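So the structure is just underneath, and the comments pick up after that.
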Amino acid sequence: MSVPVVEVLRWSRSSRVGTRIYVVAALALALLPLWGSASAQLTMIEILYYLSLAQMWNLLAGYAGLVSVGQQGLVGVSAYVLFVLAERNGIDPFLSIVLSGLFVAGLSIPIALFTFRLRGGYFAIGTWVIAEVLRLTTLRIDSLGAGNVQALTVKHTFAGYGLQARKDLIYYAALVLAVGATVIVVAVLRSRLGLALQAVRDDERGARGLGVNATRTKLVVWVIAAFWTGMTGALIHLQSATVTNKDAFDVLSWTALVVFIVVIGGVGSTLGPLIGVAIYWFITWRLEDASTWRFIILGAIAVLMAVVSRRGVDGLIQARKPFEVFPIRRRLRIDPGVGGQR
Amino acid sequence: MVWVNALIQGVLVGGLYALFATGLSLSFGVMRFVNLAHGDLAVLAAYLVLSWSGVVGGSYWLSMTLVVVVMAGIGYASQRGIFNFTLGADPLPGILASFGIGIVIQNALQEHFTATDKSIRLGSILTRSIKVTDDVSIGWFPLVILLVAVVVLSGLQLFLSFTKLGREFRATADDPKTAQLMGINDKHLYAVAMAIAFGAVALAGFFQGGRTTFAPTSGGLLLLFAFEAVVIGGLGSLWGTLAGGIVLGVTQSLANQQWIGSNSLAGHIVFLAVLAIRPSGLFGARERS
Amino acid sequence: MTHLLTIENLNAGYGDFQALFGLGIHVDRGEIVAIVGANGAGKSTLLRAIVGQVTMTGSIVFDGESLGSIPAHRRVGFGISLVPEGRKLFASLTVEENLLIGGHRTAAGRWNIEAVLDLFPLIRPLLKRQSDKLSGGEQQAIAIGRALMGNPRLLLLDEVSLGLAPVVVKGIYEALPGIVASGATVILVEQDIGVALGAADRVYCMLEGRVSLSGTPAELSREAIAAAYFGVA
Chain A
1 MSVPVVEVLR
11 WSRSSRVGTR
21 IYVVAALALA
31 LLPLWGSASA
41 QLTMIEILYY
51 LSLAQMWNLL
61 AGYAGLVSVG
71 QQGLVGVSAY
81 VLFVLAERNG
91 IDPFLSIVLS
101 GLFVAGLSIP
111 IALFTFRLRG
121 GYFAIGTWVI
131 AEVLRLTTLR
141 IDSLGAGNVQ
151 ALTVKHTFAG
161 YGLQARKDLI
171 YYAALVLAVG
181 ATVIVVAVLR
191 SRLGLALQAV
201 RDDERGARGL
211 GVNATRTKLV
221 VWVIAAFWTG
231 MTGALIHLQS
241 ATVTNKDAFD
251 VLSWTALVVF
261 IVVIGGVGST
271 LGPLIGVAIY
281 WFITWRLEDA
291 STWRFIILGA
301 IAVLMAVVSR
311 RGVDGLIQAR
321 KPFEVFPIRR
331 RLRIDPGVGG
341 QR
Chain B
1 MVWVNALIQG
11 VLVGGLYALF
21 ATGLSLSFGV
31 MRFVNLAHGD
41 LAVLAAYLVL
51 SWSGVVGGSY
61 WLSMTLVVVV
71 MAGIGYASQR
81 GIFNFTLGAD
91 PLPGILASFG
101 IGIVIQNALQ
111 EHFTATDKSI
121 RLGSILTRSI
131 KVTDDVSIGW
141 FPLVILLVAV
151 VVLSGLQLFL
161 SFTKLGREFR
171 ATADDPKTAQ
181 LMGINDKHLY
191 AVAMAIAFGA
201 VALAGFFQGG
211 RTTFAPTSGG
221 LLLLFAFEAV
231 VIGGLGSLWG
241 TLAGGIVLGV
251 TQSLANQQWI
261 GSNSLAGHIV
271 FLAVLAIRPS
281 GLFGARERS
Chain C
1 MTHLLTIENL
11 NAGYGDFQAL
21 FGLGIHVDRG
31 EIVAIVGANG
41 AGKSTLLRAI
51 VGQVTMTGSI
61 VFDGESLGSI
71 PAHRRVGFGI
81 SLVPEGRKLF
91 ASLTVEENLL
101 IGGHRTAAGR
111 WNIEAVLDLF
121 PLIRPLLKRQ
131 SDKLSGGEQQ
141 AIAIGRALMG
151 NPRLLLLDEV
161 SLGLAPVVVK
171 GIYEALPGIV
181 ASGATVILVE
191 QDIGVALGAA
201 DRVYCMLEGR
211 VSLSGTPAEL
221 SREAIAAAYF
231 GVA
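Residue numbers (the numbering used here), protein chains in the order written: chain A, 1 to 342; chain B, 1 to 289; chain C, 1 to 233.
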């Protein structure tokens with residue numbers, strides 16, 4: 001009797017094709033400033049930063065079971081950190097983006113001390129309370145403008161950058177954040193952390209019994225997502241060049257839309273945010289300026305998805321023809337070996 | 001004396017917070033469901049009271065009665081038509097569906113009623129008060145709200161403790177599958193709970209609309225207050241919810257007396273402190289393991 | 001005369017997992033029928049199919065009526081009560097409330113609290129207690145009492161002896177004749193073959209979702225049962 005050979009396979013035909021398409025698309029977008037119009041570039045920035053926010057929220061809600069509706073708190077804080085660093089202290093704006101992300105990542109640890117005591121729906125509202133605390137605290141700091149519009153000026157924040165360089169660099173920063181967000185999610189899911197997440201998601205008690213530290217696993221993901229969300233929030237405000245308390249901490253823009261994008265595209269699917277952001281862009285484009293209708297329509301679709309198809313549009317497609325865009329799942333190929341019979 | 005007055009006002013507004021929290025507490029207790037649209041439903045109810053007062057001859061109180069009944073019906077229908085399909089071990093679908101519904105309500109209100117602040121002008125009851133001393137007076141309207149809140153919460157508690165249907169609620173909360181074996185239709189029971197929750201929050205929305213102004217986006221903050229009352233009081237206890245509402249109201253009122261405009265923030269901070277020090281709530285039973 | 005319960009060609013399971021394959025049994029009025037089999041043979045799934053809590057195809061006819069499309073919560077009204085595995089008392093209800101709720105949705109009949117207390121006198125001093133702090137035997141008696149409060153014509157008992165001391169099991173099985181005398185037919189699922197054979201009029205042995213053997217205890221040899229139980233030829 002011969003010993004069967006067992007091999008762990010990561011790549012499949014569809015994930016080879018999918019990853020190639022993804023790389024080609026990213027490269028094409030990297031060259032966009034050469035071939036696209038200025039307005040296309042501007043639209044693309046919005047799509048890219050929403051993609052980044054969506055990937056991070058999906059990592060939290062779809063994979064770690066941390067359904068946050070307080071992402072606006074992280075975005076708001078990062079906006080003010082950017083303002084203090086770049087506008088007030090003359091630190092390079094792009095370095096300030098990274099520093100803002102680090103600040104928010106640090107802040108997310110004490111936040112977890114409170115919110116991790118809550119579960120499910122109460123966790124969600126808890127994150128919203130935290131976002132409110134951050135907003136109200138920021139509002140009470142007079143040196144941050146106490147609710148008035150704060151401008152990121154050419155003279156201070158953008159000192160040394162020409163108009164075109166500034167536009168292109170912001171575009172590339174958005175592209176890096178969006179592509180990076182997807183890469184991070186795929187990398188996390190492929191790592192030991194991803195296995196632990198999946199174990200916790202399937203059966204938290206069982207996972208704990210197997211020695212998985214569920215809280216630590218969730219915390220690591222929580223901090224990673226906070227870091228990336230913080231950087232994205234800073235970039236968003238670097239582009240708009242203004243920081244206002246109300247807009248920076250807006251639950252509709254920085255949480256509701258992000259949630260809708262992911263839920264429509266597919267929660268707990270790496271492809272979901274990509275599909276969702278495309279649908280988001282399409283609906284926004286068709287509706288032009290009707291902002292309330294945008295929320296009504298996207299919200300209604302998201303509710304429908306939550307009830308009917310847990311994995312959103314991706315789930316509906318997968319139900320017909322399963323495929324995988326990124327190489328995450330492990331499959332076993334068992335070669336029974338010569339003469340091995342069953 | 002200003003502090004005594006602040007304390008009394010805090011207790012009074014605390015009753016309203018408890019009324020806001022009733023439905024949240026009930027639906028969590030019965031079916032472990034957290035409705036993130038809860039605050040937006042209160043705002044919706046307040047707008048409906050305004051819109052429908054013409055239909056019932058101009059009386060806001062009559063309009064409120066109609067709205068409470070209709071909202072209870074909507075609550076029943078939405079549980080059977082939407083939320084029952086999201087129940088299960090994974091809370092995600094329920095959170096997402098209710099969050100989405102809240103945002104849709106908010107924006108639909110904005111589309112239909114514009115973003116301007118509104119209020120329900122109930123007339124002289126809003127200004128009349130009982131004067132205790134020169135510094136301390138108790139408004140009739142806040143007193144009515146507190147009394148209604150106490151009546152609703154104790155009525156609900158008595159209902160759960162001493163009626164057949166209340167017993168079925170408790171049994172279903174424990175174990176819906178076994179409750180089915182007793183002939184209980186859990187799906188119907190959940191919908192009844194949601195009808196009560198919607199009715200109570202509609203009532204709270206009416207009172208809120210009478211005591212202050214509201215706008216389509218006011219719902220988020222109301223959800224947070226309701227949630228804080230539930231957690232401060234302790235999950236799964238309606239008396240705790242009443243106490244939690246009062247603790248929250250008193251905190252906000254006292255803070256506002258010291259630093260004007262700090263009420264919300266102070267309430268959030270007390271909530272976080274309770275969460276950190278006594279996560280099972282001030283008055284809740286320790287969780288069964 | 002037709003059987004009280006006739007099950008034919010029953011396929012049932014949970015989600016994608018199928019536990020029963022083309023199963024058929026019948027039960028006559030006034031019988032005590034035992035269903036034995038190893039862990040995972042599908043015994044509990046069969047009971048859950050009768051009360052309507054699993055997805056199924058095939059036919060379940062109770063007293064001339066097809067139950068297939070009747071939702072679970074309405075079946076107790078037909079006179080079918082299940083005592084679930086693990087007792088499953090309602091922890092936040094008192095013992096008395098646990099008994100009362102068993103009769104909430106059914107017509108009055110022979111069984112009431114007094115009758116249950118006569119059958120299981122050990123419950124009497126416990127009525128006002130919370131049900132989650134009682135011994136296994138006490139809980140089992142209450143769970144059976146709760147099912148009887150629905151005045152069942154068919155009483156389904158799922159693993160009543162599990163985790164109980166032999167003397168306690170004996171006490172519970174001694175109550176069975178009184179239950180049958182009240183007009184109930186009993187199906188009991190047991191892993192303990194000895195206990196089951198001692199109490200039953202007829203036995204079905206299940207293996208991997210099918211009936212592997214059936215007959216009266218007197219007809220069946222130990223060896224045949226062991227073979228049917230473990231699937232050894």
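Beta carbons: idealized from backbone N, C-alpha and C, even for Gly. Just so it is clear, the structure is predicted and the values come from calculations on it, not from any experiment.
Short Cβ contact (8 angstroms threshold) for residue i with residue j
{"i": "B/Leu-66", "j": "B/Leu-109", "result": "no"}
{"i": "B/Ile-120", "j": "B/Phe-206", "result": "yes"}
{"i": "C/Lys-88", "j": "B/Thr-178", "result": "yes"}
{"i": "B/Gly-15", "j": "B/Val-231", "result": "no"}
{"i": "A/Val-277", "j": "A/Ile-47", "result": "yes"}
{"i": "B/Ala-18", "j": "B/Thr-217", "result": "no"}
{"i": "A/Ile-283", "j": "A/Leu-298", "result": "yes"}
{"i": "A/Thr-182", "j": "A/Leu-74", "result": "no"}
{"i": "C/Leu-164", "j": "C/Gln-140", "result": "yes"}
{"i": "A/Val-221", "j": "A/Ala-124", "result": "no"}
{"i": "C/Arg-153", "j": "C/Gly-77", "result": "no"}
{"i": "C/Ile-60", "j": "C/Tyr-204", "result": "no"}
{"i": "C/Leu-117", "j": "C/Arg-124", "result": "yes"}
Proximal chain A residues relative to residue i, where beta-carbon distance stays under 7 angstroms
{"i": "B/His-176", "result": "Correcting the residue type first, residue 176 of chain B is Pro in the shown sequence and not His. Those do not exist, as B/Pro-176 stays about 17 angstroms from chain A at its closest Cβ, beyond 7 angstroms."}
{"i": "B/Ile-82", "result": "Val-307"}
Residue burial classification, residue i (beta-carbon count within 10 angstroms, cutoff 16)
{"i": "C/His-73", "result": "buried"}
{"i": "B/Gly-123", "result": "exposed"}
{"i": "A/Gln-71", "result": "buried"}
{"i": "A/Trp-11", "result": "exposed"}
{"i": "A/Asn-213", "result": "exposed"}
{"i": "B/Glu-287", "result": "Its pLDDT being 44, under 50, B/Glu-287 is placed unreliably in this model, and the value from its coordinates should be taken loosely. When all chains shown are included, B/Glu-287 counts as exposed."}
{"i": "B/Thr-114", "result": "exposed"}
{"i": "B/Ser-161", "result": "exposed"}
{"i": "B/Gly-54", "result": "exposed"}
{"i": "A/Ser-191", "result": "exposed"}
{"i": "C/Phe-230", "result": "exposed"}
{"i": "A/Lys-155", "result": "exposed"}
{"i": "C/Glu-159", "result": "buried"}
{"i": "A/Arg-331", "result": "exposed"}
{"i": "A/Gln-341", "result": "Confidence at A/Gln-341 is low in this model, with a pLDDT of 44, below 50, so the placement of that residue is unreliable and no value is reported for it."}
Per-residue contacts from residue i into chain A (C-beta, under 9 angstroms)
{"i": "B/Gln-208", "result": "Chain A residues near B/Gln-208: none, gap ~18 angstroms exceeds 9 angstroms."}
{"i": "B/Ala-195", "result": "Within 9 angstroms Cβ-Cβ: nothing; B/Ala-195 doesn't reach chain A, min ~19 angstroms."}
Chain-ordered chain A contacts of residue i [CB-CB under 8 angstroms]
{"i": "B/Asn-256", "result": "Here the premise fails: no neighbours, minimum Cβ distance about 13 angstroms."}
{"i": "B/Thr-110", "result": "Per the sequence presented here, residue 110 of chain B reads as Gln, with Thr not at that position. Correct list: Thr-292."}
Neighbour list for residue i in chain B, Cβ cutoff strictly below 9 angstroms
{"i": "A/Leu-252", "result": "Ile-103, Gln-106, Asn-107 and Thr-217"}
{"i": "A/Phe-282", "result": "Chain B residues near A/Phe-282: none, gap ~18 angstroms exceeds 9 angstroms."}
{"i": "A/Glu-132", "result": "Gly-220, Leu-221, Leu-224, Ser-264, Leu-265 and His-268"}
Partner residues on chain B for residue i, Cβ-Cβ distance less than 7 angstroms
{"i": "A/Trp-228", "result": "The premise fails here: A/Trp-228 is roughly 21 angstroms from chain B at the closest Cβ pair, so nothing lies under 7 angstroms."}
{"i": "A/Arg-117", "result": "Leu-275 and Pro-279"}
{"i": "C/Lys-43", "result": "Those do not exist, as C/Lys-43 stays about 17 angstroms from chain B at its closest Cβ, beyond 7 angstroms."}
Chain C residues whose Cβ lies nearer than 7 angstroms to that of residue i
{"i": "B/Met-182", "result": "Val-76, Ile-101, Gly-102, His-104 and Arg-105"}
Integer-rounded CB distance, given that residue j should sit under 8 angstroms from residue i
{"i": "B/Val-34", "j": "B/Leu-24", "result": "7 angstroms"}
{"i": "B/Gln-252", "j": "B/Gly-267", "result": "5 angstroms"}
{"i": "C/Ala-147", "j": "C/Gly-102", "result": "6 angstroms"}
Per-residue contacts from residue i into chain B (C-beta, under 8 angstroms)
{"i": "C/Leu-93", "result": "Arg-167, Arg-170, Ala-171 and Asp-174"}
Heavy atom of the ligand GDP within 7 angstroms of residue i beta-carbon
{"i": "B/Ser-253", "result": "Ligands are entirely absent from the displayed structure, and the ligand GDP is therefore not among its contents."}
Under 9 angstroms from the C-beta of residue i: neighbouring residues of chain C
{"i": "B/Asn-35", "result": "Neighbours of B/Asn-35 on chain C: none; closest Cβ ~22 angstroms, over 9 angstroms."}
Problem - Continuous beta strand (DSSP E) assignments of at least 3 residues falling wholly in the stretch 9-95 of chain B - result: Those beta strand (DSSP E) runs which fall completely within the stretch 9-95 of chain B and span 3+ residues do not exist here.
Exercise for the section: May I have a chain-ordered list of the alpha helix (DSSP H) segments no shorter than 4 residues that lie completely inside the stretch 269-308 of chain A? Expected result: Restricting attention to alpha helix (DSSP H) runs no shorter than 4 residues, the stretch 269-308 of chain A encloses them at 272-287 and 291-308, ordered along the chain.
Exercise for the section: Go through the stretch 117-196 of chain B residue by residue and report every complete run of the beta strand (DSSP E) that reaches 3 residues or more, in order. Expected result: Runs found: 129-131 and 137-139.
Exercise for the section: Just list the alpha helix (DSSP H) runs in the stretch 197-240 of chain B, keeping only unbroken ones of 4 residues or longer that don't cross its boundaries, in chain order. Expected result: DSSP runs (the alpha helix (DSSP H)) wholly in the stretch 197-240 of chain B: 219-233.
Problem - Runs of alpha helix (DSSP H) lying entirely within the stretch 137-185 of chain C, each at least 4 residues, in chain order - result: For the alpha helix (DSSP H) assignment, the uninterrupted runs of no fewer than 4 residues enclosed by the stretch 137-185 of chain C are, from N- to C-terminal side, 166-174 and 176-181.
Practice task
Would you list, in sequence order, the uninterrupted beta strand (DSSP E) runs of no fewer than 3 residues that lie entirely inside the stretch 16-73 of chain C?
Solution key: Counting only runs of 3 or more, we get 17-27, 32-37 and 55-62.
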